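Inspection log for the structure reproduced underneath, given as structure tokens.
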Amino acid sequence: MANYYLKNKVLGQPMNTCIIPGECSHIFSIPPRDLPGYPIETEWHCYCMKSNDQDPRSLWTRVGEDTIVFDPQGNGVGIKRTYALTDQEKESDDIFLSGEIEPPREEWFIEEISLPPSVADTDLVFCHVILNKIEKEEKYEEEEEYDDDDDEEE
Numbered sequence: 001m002a003n004y005y006l007k008n009k010v011l012g013q014p015m016n017t018c019i020i021p022g023e024c025s026h027i028f029s030i031p032p033r034d035l036p037g038y039p040i041e042t043e044w045h046c047y048c049m050k051s052n053d054q055d056p057r058s059l060w061t062r063v064g065e066d067t068i069v070f071d072p073q074g075n076g077v078g079i080k081r082t083y084a085l086t087d088q089e090k091e092s093d094d095i096f097l098s099g100e101i102e103p104p105r106e107e108w109f110i111e112e113i114s115l116p117p118s119v120a121d122t123d124l125v126f127c128h129v130i131l132n133k134i135e136k137e138e139k140y141e142e143e144e145e146y147d148d149d150d151d152e153e154e
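To convert, note that position 142 of the sequence shown is 142 in the UniProt record's numbering; the numbers rise steadily by one, no gaps.
Below, the structure written as structure tokens:
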């Protein structure tokens, strides 16, 4: 999907349909909660300029290694870089009253996909922003177990 839309956009070729909104040049410098549709949406797609990993205004940190994106025929069609929100929410110290539900913890990621230089020499990339909501696990007190065999007399 990313290769189709990014390649056609960069090369100015027509697309059957355009489900990707316009460019969002500031995706790496805005809080993800400012994205349209938050908190209902959990995924966004946009075009932007390639991230500058050294930009002090960036709210995102690069994680992992570059990954080659392959098409169904096994051809390398792009390069994927993954970024995580630098200021991921810490465990909450908030106290919730009985019956109140603590909101899930959120982890944000951006997958940035660029075209290989052999296709087009451009800094325009396709970004996939992902919100993972992690529900709090309820803590149960472990019941003490004991061995009945110790109490039996032979």
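All residues carry an ideal CB built from backbone N, CA and C; glycine is no exception. As the structure is a computational prediction, the values presented were derived from the model and not from experiment.
Tell whether a beta-carbon distance below 8 Å holds between residue i and residue j.
i	j	result
G78	P116	yes
I130	E43	yes
D123	M49	yes
V63	I113	no
F109	Y5	no
Residue i and residue j look like a contact to me (Cβ under 8 Å); what is the Cβ gap, rounded to whole Å?
i	j	result
C46	I20	7 Å
Using three-state DSSP, classify residue i as helix, strand or coil.
i	result
D71	coil
D66	strand
M15	coil
L119	Note on identity: in this sequence residue 119 is Val, with Leu being the wrong assignment. Coil, per DSSP.
R33	helix
Y38	coil
N52	coil
Going along the chain, which residues of its own chain have a beta-carbon closer than 7 Å to the beta-carbon of residue i, five neighbours each way excluded?
i	result
T61	Y83, A84, T86
R81	R62, D66, E112
E89	Since pLDDT at E89 reaches only 46, below the 50 mark, its modelled position is unreliable, and no value is offered.
I40	none
Enumerate in chain order the residues of its own chain whose CB-to-CB distance from residue i is below 6 Å, with the five nearest sequence positions on each side excluded.
i	result
D71	V77
N8	M15
D53	R62
H128	H45, E111
L11	none
F28	S51, S58, W60
Give every residue of the same chain whose Cβ lies closer than 8 Å to the Cβ of residue i, excluding the five residues on either side of it in the sequence, and list them in chain order.
i	result
S25	C48, M49
D55	F28, S29
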